[in-house]
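Numbering (the working numbering), first residue to last: 16 to 217.
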Amino acid sequence: MAARLLLSVAIALAITLVAASSALAVGVQRQRVAARGNPPAQSSSSLIAPVATCPNQANPSASPEAQQQSMRCMTDFARARAGLGELNDSQQLDLSAEEKAADVLGCDSFSHTACDRDFTYWIRQSGYLSKPCWHAGENLAWGTDEYGSAGAIFRAWMSSPTHRQNVLGDYDEVGIAVLTGSLEGRRGAHVWATHFGSRCAS
16 MAARLLLSVA IALAITLVAA SSALAVGVQR QRVAARGNPP AQSSSSLIAP
66 VATCPNQANP SASPEAQQQS MRCMTDFARA RAGLGELNDS QQLDLSAEEK
116 AADVLGCDSF SHTACDRDFT YWIRQSGYLS KPCWHAGENL AWGTDEYGSA
166 GAIFRAWMSS PTHRQNVLGD YDEVGIAVLT GSLEGRRGAH VWATHFGSRC
216 AS
């Protein structure tokens, strides 16, 4: 059975785009809290960190902490190469990302609205988005075997204009989570959730 990688990203109305190849199936759902501008025009390949810079990006067997650190490293590298600032760590967004990944596995539903919750549900539950001028976005993906590694997921996100828009978006903070379980009948699915956020000035 071919390994699968599925993607989802936060942007305005629900739209589904599907593309498939012999080894890879990609699904993209678009949904978003607010438009955050277009990312800088630059080749995606030039924004991918080498393994020496971000270790464990090709190792889905590494600890969840090591995989999440690799994803964070790759995000920071891409933003730096695009002339953007690094994102600050957010415990609230880390928590909401983990809860979202848990919903995807727990309800066996690869969706921004897993368990019939709005995609901002866990972000709001964490205390984020407590003011109207705060913004948030979500990248969601899963894959098995090598397709579930941080590097494979990040490369797929950067090859998708909507996912790339969140990675290089006008955000200040980020939370990242990866959980492993069974999804759509496949064991060892690595479910990735990245929550991006921006707070207004106090």
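Just so it is clear, CB atoms sit at the ideal spot from N, CA and C, and this is done for glycine as well.
{"Asked": "Within 7 Å, strictly: CB atoms of valine 206 and valine 119", "Found": "yes"}
{"Asked": "Cβ contact (3+ pairs, closer than 8 Å) linking the stretch 90 to 105 and the stretch 184 to 202", "Found": "yes"}
{"Asked": "CB of alanine 204 within 7 Å of CB of lysine 115, strictly", "Found": "no"}
{"Asked": "Length of the line joining the Cα atoms of phenylalanine 169 and methionine 86", "Found": "7 Å"}
{"Asked": "Entirely enclosed alpha helix (DSSP H) segments - the stretch 144 to 201, minimum 4 residues", "Found": "165 to 174, 176 to 182"}
{"Asked": "Cut-off 8 Å between Cβ atoms - residues of its own chain near threonine 68, not counting five sequence neighbours on either side", "Found": "Cys88, Phe92"}
{"Asked": "Proximity of glycine 142 and glutamine 107 at Cβ, strictly below 7 Å", "Found": "yes"}
{"Asked": "Own chain, CB closer than 8 Å to threonine 128, minus 5 neighbours either side, in chain order", "Found": "Phe134"}
{"Asked": "Inter-residue CB distance, alanine 171 and histidine 210 (contact presumed, cutoff 8 Å)", "Found": "About 18 Å; that fails the 8 Å criterion."}
{"Asked": "Reduced DSSP category for valine 119 - H, G, I as helix; E, B as strand; rest coil", "Found": "helix"}
{"Asked": "Meets three-Cβ-pair contact criterion under 8 Å: the stretch 158 to 165 and the stretch 68 to 80", "Found": "yes"}
{"Asked": "Endpoints, alpha helix (DSSP H) assigned at aspartate 133", "Found": "Premise fails: aspartate 133 is in no alpha helix (DSSP H) and is neither H nor E."}
{"Asked": "Proximity below 7 Å, CB of arginine 214 to CB of tryptophan 149", "Found": "yes"}
{"Asked": "Assigned exposure category for arginine 179 - 16 Cβ within 10 Å defines buried", "Found": "buried"}
{"Asked": "heavy atom of the ligand GDP below 6 Å from leucine 99 C-beta", "Found": "In the structure shown, the ligand GDP is absent, as is every other ligand, since no ligand is present at all."}
{"Asked": "Own chain, CB closer than 6 Å to proline 70, minus 5 neighbours either side, in chain order", "Found": "none"}
{"Asked": "Inter-residue spacing [alpha-carbon to alpha-carbon] between glutamine 140 and aspartate 123", "Found": "21 Å"}
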